[in-house]
């Protein structure tokens with residue numbers, strides 16, 4: 013298993029569609045920001061300092077106990093990858109878009125199953141990320157916590173008794189923790205209840221974002237909910253709070269689904285099968301339409317209307333439909349219209365196996 | 013072959029999709045209005061008079077020479093049919109909607125292939141109609157003319173030297189002739205040229221209507237073009253005029269198709285395949301959407317994009333999707349939403365045979 017495998021395959025463990033509450037919760041994510049004492053934050057670093065941090069991390073992740081815990085962690089200097097390979101890492105949520113902007117002395121550390129990735133020299137020296145399918149926030153936090161402890165054996169993290177972990181951006185100071193879940197809420201959107209719920213969530217110190225993170229729209233009825241506040245609460249409290257709220261949203265989405273299925277079954281069956289028909293026959297498809305159709309197909313699985321498909325297949329198709337994967341399979345970068353053509357073709361080919 | 017066969021099968025000779033210019037011209041139709049001397053027009057008739065006209069026509073259509081010419085003509089009293097069977101005759105364009113409103117002493121005379129139908133006691137005593145697939149106006153007129161002559165052997169048609177044939181409505185006086193063609197003009201509609209062309213046509217003494225005749229919208233890009241004026245021109249001139257104009261429209265539609273195919277092939281391929289996908293997967297479909305999808309499928313055949321389908325199949329599907337045929341196959345009358353469900357199911361079932 014190498015970074016080449018990672019950029020060649022569309023699937024990841026976090027996308028396999030399993031896990032608790034997988035009818036609504038796509039994935040759970042924990043991200044911990046850490047910085048190494050004695051070095052300026054990445055934005056203010058000299059090349060040599062960045063290099064030293066890179067090497068320190070390289071040593072730290074080779075720790076035997078850490079490897080026993082999470083498997084081999086492969087370190088890749090982003091400069092060694094092509095532009096498109098870096099974009100694939102972004103699409104797979106293994107690195108941030110900002111991280112690949114200037115790849116020099118920036119690195120990513122990834123396990124074979126891609127459930128752990130560490131960005132080196134992004135906004136902070138280390139951004140440790142753990143991703144799991146379904147609603148597994150506590151389990152994912154436990155894993156991140158262990159990795160943090162094991163890295164701390166050889167790395168001296170900047171820590172202040174009063175403020176906690178120090179980070180480049182003040183919004184991360186304290187725990188340095190960002191916990192998030194990716195939710196699929198088609199029926200709350202259809203029932204026009206999602207706005208109200210999201211407003212309520214923001215009152216609880218949580219933030220709501222679209223599929224591609226901060227500032228993005230919620231295409232495909234996918235919502236990312238995460239903690240806003242990283243200070244004044246323990247990690248366990250932050251995780252527990254998000255878990256409780258997520259369970260409430262899950263319950264509301266399920267109740268709305270049941271009501272819709274009871275009162276508007278024909279409408280739902282029509283909508284879901286039409287999405288499948290469009291996916292199976294269209295010759296051009298934008299990202300936005302594809303995500304909306306994927307949402308309908310996913311709902312079809314959830315409601316037992318499309319029993320021939322799995323969540324894992326949908327997640328893989330979403331990945332294969334991204335500009336980065338499309339360019340990869342075309343062998344060259346694609347212009348907008350050409351990309352829509354390739355996207356439709358890719359989806360069509362994948363769905364020829366599915367007879368509905 | 014009996015009237016029961018006519019109301020049981022969706023196809024007709026005029027719908028078989030053959031004939032000259034069948035890529036654009038669905039069918040050619042000639043209708044001749046005639047009245048029998050000595051009887052008031054149907055609206056002013058007594059029951060006994062209507063009965064006498066009915067019997068006179070019954071005798072006339074049994075004429076040996078006529079049967080040799082067009083085949084057996086079956087006379088059916090509309091009162092003997094169910095409401096739904098009468099509606100099927102309307103959908104098949106064999107009788108007018110007005111003709112079935114009050115079926116008493118009204119009749120229809122139909123040949124086995126349905127290319128000849130005579131309405132008895134509609135607005136006029138006789139409305140002789142000949143329908144052929146493709147652009148065959150002169151041939152269709154020749155047939156109607158022969159039938160007219162052969163009926164005149166035993167029926168004394170009201171005729172005035174100055175005005176010509178007398179009819180119930182002044183707009184038909186003279187030749188009593190209405191010649192029309194049903195045209196499929198998707199690319200002129202897409203290119204927004206159809207309005208201009210139709211306006212020009214109306215300046216030439218021709219009328220443009222939708223699929224269901226006078227006062228109906230042009231759903232499915234289907235336009236019926238016919239002569240407005242029945243007086244002051246010979247039958248041959250009327251037919252020739254319509255034929256010339258039709259050939260010009262056909263040429264314009266073809267030129268627009270070629271231009272679209274050259275400049276927007278991806279767009280067309282997408283649109284046509286999406287229509288097929290919707291037809292193959294939708295669970296609910298309105299008449300309007302069905303006609304628009306049929307239009308795309310027909311265009312797909314015309315452009316060689318959907319080679320697995322035939323015009324005849326599309327025409328049969330249009331017929332099977334009508335409320336009358338849907339009610340027939342359901343075995344009871346259907347409410348709007350239920351009908352949309354049955355329509356989608358019917359189309360889906362028919363298309364399972366087609367692998368694209």
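Protein chains in written order, with this note's numbering: chain H, 13 to 368; chain Z, 13 to 368. Glycine residues also receive a C-beta, built at the ideal position from the N, C-alpha and C atoms. Since the structure is predicted, the reported quantities are computational estimates derived from the model, not experimental observations.
{"query": "Contact list for the segment 278 to 291 of chain Z against chain H, Cβ threshold 7 Å", "result": "278, 281, 282, 285, 286, 288, 289 and 290"}
{"query": "Which of helix, strand or coil DSSP assigns to residue 239 (chain H)", "result": "strand"}
{"query": "Contacts around residue 193 (chain Z), its chain only, beta-carbon distance under 6 Å, and the 5 residues preceding and following it disregarded", "result": "37, 40, 237 and 258"}
{"query": "Pairwise C-alpha distance: residue 296 (chain H) and residue 348 (chain H)", "result": "10 Å"}
{"query": "Neighbourhood of residue 210 (chain H) by C-beta distance below 8 Å, restricted to the same chain and skipping five residues each side", "result": "220 and 235"}
{"query": "Test: residue 349 (chain Z) CB closer than 9 Å to a CB of chain H", "result": "yes"}
{"query": "Proximal residues to residue 185 (chain Z) (C-beta, below 8 Å), its chain only, five neighbours per side dropped", "result": "175, 176, 177, 178, 179, 242 and 243"}
{"query": "CB of residue 199 (chain H) within 9 Å of CB of residue 42 (chain H), strictly", "result": "no"}
{"query": "As assigned by DSSP and simplified to three states, the class of residue 304 (chain Z)", "result": "helix"}
{"query": "Residue 221 (chain H), enclosing beta strand (DSSP E) - first and last residue", "result": "218 to 221"}
{"query": "Supposed contact pair residue 101 (chain H) and residue 82 (chain H) - C-beta distance, whole angstroms, cut 8 Å", "result": "Contact flag wrong, Cβ pair sits at about 18 Å."}
{"query": "Beta bridge counterpart(s) of residue 119 (chain H) as assigned by DSSP", "result": "H:89 and H:132"}
{"query": "Assumed close pair residue 191 (chain H), residue 254 (chain H) - CB separation to whole angstroms, cut-off 8 Å", "result": "5 Å"}
{"query": "Start-end ranges of the alpha helix (DSSP H) lying completely within the segment 229 to 292 of chain Z, minimum 4 residues", "result": "247 to 275"}
{"query": "Straight-line Cα distance separating residue 201 (chain H) from residue 264 (chain H)", "result": "11 Å"}
{"query": "Residue 270 (chain H), buried or exposed, once every other Cβ within 10 Å from all chains shown has been counted against 16", "result": "exposed"}
{"query": "Residue nearest to residue 262 (chain H) in terms of C-alpha spacing, selected from H:90, H:355, H:136 and H:146", "result": "H:146"}
{"query": "Residues from the segment 288 to 319 of chain H in contact with chain Z, defined by Cβ distance under 7 Å", "result": "288, 289, 290, 292, 293, 294, 295 and 296"}
{"query": "Validate contact between the segment 64 to 77 of chain Z and the segment 156 to 170 of chain Z using beta carbons, cut 8 Å, 3 pairs", "result": "yes"}
{"query": "Beta strand (DSSP E) runs wholly inside the segment 130 to 200 of chain Z, at least 3 long, in chain order", "result": "138 to 145 and 189 to 196"}
{"query": "Meets three-Cβ-pair contact criterion under 8 Å: the segment 302 to 312 of chain H and the segment 286 to 305 of chain Z", "result": "no"}
{"query": "Any 3 or more C-beta pairs closer than 8 Å across the segment 284 to 291 of chain H and the segment 282 to 296 of chain Z", "result": "yes"}
{"query": "Cβ-based burial, residue 351 (chain Z) [other Cβ within 10 Å; buried from 16]", "result": "buried"}
{"query": "Other residues of its chain near residue 152 (chain Z): CB distance less than 6 Å, five sequence neighbours each side excluded", "result": "40, 42, 142 and 144"}
{"query": "Three or more C-beta pairs below 8 Å linking the segment 50 to 57 of chain Z and the segment 131 to 140 of chain Z", "result": "yes"}
{"query": "Length of the line joining the Cα atoms of residue 345 (chain H) and residue 339 (chain H)", "result": "5 Å"}
{"query": "Residue range of the unbroken beta strand (DSSP E) whose run includes residue 45 (chain Z)", "result": "37 to 46"}
{"query": "Within chain H, partners of residue 12 (chain Z) - CB distance below 7 Å", "result": "There is no way to answer for residue 12 (chain Z), as the model of chain Z reaches only from 13 to 368."}
{"query": "Whole-number beta carbon distance between residue 159 (chain Z) and residue 128 (chain Z), since they are thought to touch under 8 Å", "result": "7 Å"}
{"query": "Between the CA atoms of residue 245 (chain Z) and residue 173 (chain Z) - distance to the nearest angstrom", "result": "14 Å"}
{"query": "Chain-order list of residues whose beta-carbon lies under 6 Å from that of residue 99 (chain Z) (same chain, five-residue window excluded)", "result": "336"}
{"query": "Nearest candidate by alpha-carbon position, reference residue 318 (chain Z), set Z:251, Z:333, Z:332 and Z:363", "result": "Z:363"}
{"query": "Contacts of residue 353 (chain Z) in chain H (Cβ-Cβ under 7 Å)", "result": "278"}
{"query": "Alpha-carbon to alpha-carbon, residue 230 (chain Z) and residue 20 (chain Z)", "result": "27 Å"}
{"query": "Supposed contact pair residue 62 (chain H) and residue 332 (chain H) - C-beta distance, whole angstroms, cut 8 Å", "result": "Their Cβ separation, rounded to whole angstroms, is 34 Å, which puts residue 332 (chain H) and residue 62 (chain H) out of contact at 8 Å."}
{"query": "CB contact below 9 Å: residue 62 (chain H) versus chain Z", "result": "no"}
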